[in-house]
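Remember, our numbering sits 220 above the position in the sequence shown when you count from 1.
Beta carbons are placed, not taken as given, at the ideal position from N, Cα and C, and that holds for glycine.
Here the structure is a predicted model, which is why all the values come from computation and not from measurement.
Structure first, commentary second.
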Amino acid sequence: MTIRLPGAGGALRTYEPRTEPLAVTPGTPFTSRTVFSAAHVVADPFADVSPDSPAAVDWDATLAFRRHLWSHGLGVAEAMDTAQRGMGLDWAGAAELIRRSAAEAESVGGRIACGVGTDQIASGSLVEVRAAYEEQLALVEESGAQAILMASRALAAAASSPEDYLEVYGHLLRQTTEPVVLHWLGPMFDPALEGYWGSSDLDAATDTFLDVIAAHPDKVDGIKVSLLDARREIDIRRRLPKGVRCYTGDDFNYPELIAGDEQGFSHALLGIFDPLGPLAAQAVRALDTGDVQGFRDLLDPTVGLSRHLFQTPTRFYKTGVVLLAWLAGHQSHFTMVGGLQSARSLPHFATAYELADGLGLFPDPKLAEERMKTLLSVYGVNQ
């Protein structure tokens with residue numbers, strides 16, 4: 221088993237894939253950490269659509285992937301950034317995804333939390349933004365899922381001060397029936413969110429974010445911080461009211477943040493746990509036994525792959541996530557809603573394959589090799 225892979229300069233190198241995958245087994249939910257994997261959607265490759273069309277989703281394959289995550293004890297964070305929310309999946313598609321996934325979670329006993337945003341409007345006044353949030357919040361709560369209040373492009377455009385954020389989020393938190401997760405997504409994931417919480421000064425933005433939580437601690441289960449800044453996340457974590465959790469969304473520094481320190485730790489809500497699901501679950505089970513070193517030994521080697529997938533422009537990390545799902549046999553094709561499979565280069569794909577194979581992420585290494593060779597041939601690389 222050998223495969224020729226292209227580098228950035230076009231030269232081919234010979235790579236010998238591993239012959240055996242990492243040995244992992246399904247298991248029950250964890251005891252030491254609450255862990256969600258944000259999950260991707262599987263496109264319908266036979267739908268005759270354009271990148272501007274509403275998303276055509278293969279619902280059977282999409283739900284099967286969620287059952288895969290649940291089988292390893294992971295929770296599913298649904299209709300989030302990883303599901304191409306706002307990058308191919310519109311609100312109508314997200315609403316259907318939430319309904320179907322929440323029903324599936326109930327049928328199999330899986331944990332689920334769903335994204336609440338404002339993407340049914342492109343822009344609007346603060347009143348219109350608030351109403352859009354309320355519509356989505358009602359749907360998520362009716363589905364029986366936990367709500368994740370996501371950062372809103374429309375709110376970022378409409379707000380003129382930190383007070384506007386305090387008013388909108390305060391209004392929403394006062395009416396939630398169960399504690400929610402607040403989501404801070406940095407502009408590296410979505411440039412339209414620059415200046416969120418009323419300032420491009422992250423210290424000032426952090427203060428406003430914490431003011432929202434301090435005013436409603438009983439309505440906030442936790443926060444998800446996706447700033448790719450471990451030091452800032454730790455600072456925020458230490459300033460949270462008692463009982464409010466920090467869910468790391470840092471796909472660059474997650475092992476150290478989940479492991480924690482003498483003053484606390486982060487739980488997890490991560491896009492990288494989509495391809496890493498079984499391995500991540502095995503690592504967290506080591507933490508459940510108090511084996512921090514065993515946790516780090518399993519998870520630290522995955523950071524190179526994660527940093528590769530989430531490299532600038534970070535918002536296109538979903539392309540690598542779906543590539544790996546295809547190579548791992550979780551779906552029959554490498555097609556994405558919105559045509560986003562074109563968002564990364566062939567050398568990027570080749571490195572992602574090599575790094576994932578080195579970690580033993582492919583249940584069938586031979587299938588992954590054959591599929592990678594098929595992709596390479598489309599680009600004109602003959603083996």
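Coil, strand or helix - residue 246 by DSSP | coil
Can you tell me which of 553, 593, 259 and 444 puts its alpha carbon nearest to the alpha carbon of residue 287?
-> 259
Taking the DSSP output, what are the residues bridged to residue 481?
-> 484
How should residue 424 be labelled, buried or exposed, when 16 other C-beta atoms within 10 angstroms of its C-beta is the threshold for buried?
-> exposed
Following the continuous beta strand (DSSP E) through residue 366, name the residue where it begins and the one where it ends.
-> 366-369
Look at residue 493 and residue 257 and say whether their C-beta atoms are less than 8 Å apart.
-> yes
Are the Cβ atoms of residue 317 and residue 298 separated by less than 8 Å?
-> yes
For residue 241 versus residue 580, is the C-beta distance shorter than 8 Å?
-> yes
Opening and closing residue of the alpha helix (DSSP H) in which residue 427 lies | 422-435
When the Cβ atoms of the region 262-272 are set against those of the region 495-509, are three or more pairs found closer than 8 Å?
-> no
Cross-strand partners of residue 232 (DSSP beta bridge) = 226
Figure out for me which residue from 344, 333 and 380 has the closest Cα to the Cα of residue 357.
-> 333
First through last residue of the alpha helix (DSSP H) which encompasses residue 464 = First-last for residue 464: undefined, no H or E at that position.
Is residue 269 helix, strand or coil by DSSP?
-> coil
Contacts around residue 331, its chain only, beta-carbon distance under 6 Å, and the 5 residues preceding and following it disregarded = 295
Name the residue from 302, 284 and 308 whose alpha carbon lies nearest to the alpha carbon of residue 276.
-> 308
Compare the beta carbon distance of residue 374 and residue 338 with 8 Å and say whether it is the shorter of the two.
-> yes
When you compare each of 301, 313, 574 and 328 to residue 368 by their alpha carbons, which one comes out closest?
-> 301
What's the C-alpha gap between residue 413 and residue 376?
-> 6 Å
By Cβ distance below 6 Å, which residues in the same chain neighbour residue 222 in space, the five residues on each side in sequence not counted?
-> 234 and 236
If residue 564 sits next to residue 540, beta carbons under 8 Å apart, how far is it from one beta carbon to the other, in whole angstroms?
-> 6 Å
So is residue 366 buried or exposed if we call it buried at 16+ other beta carbons inside 10 Å?
-> buried
Cβ-Cβ distance between residue 417 and residue 444 below 8 Å | no
Per DSSP, what kind of secondary structure is residue 597 in: helix, strand or coil?
-> helix
In whole angstroms, what is the alpha-carbon distance linking residue 478 and residue 364?
-> 27 Å
Would DSSP call residue 287 helix, strand or coil?
-> helix
Alpha-carbon to alpha-carbon, residue 335 and residue 238 | 37 Å
Looking at residue 599 and residue 547, is the spacing between their C-beta atoms short of 8 Å?
-> no
Stretch-stretch touch, CB-based, cutoff 8 Å, three pairs: the region 447-455 with the region 375-392 = no
Which class does residue 492 belong to by DSSP, given the choice of helix, strand or coil?
-> coil
Tell me, to the nearest whole angstrom, how far the beta carbon of residue 491 is from that of residue 471; I am working on the premise that it is less than 8 Å.
-> 6 Å
Going along the chain, which residues of its own chain have a beta-carbon closer than 8 Å to the beta-carbon of residue 401, five neighbours each way excluded?
-> 333, 366, 367, 368, 369, 440, 441, 442, 443, 444, 467 and 489
Going by other Cβ atoms of all chains shown within 10 Å of its Cβ, with 16 needed for buried, is residue 473 buried or exposed?
-> buried
Just mark residue 557 as buried or exposed, buried being the case when its beta carbon has 16 or more other beta carbons within 10 Å.
-> buried
Do you know offhand how far residue 362's Cα is from residue 327's?
-> 16 Å
Using the beta-carbon count (16 or more within 10 Å), is residue 462 buried or exposed?
-> exposed
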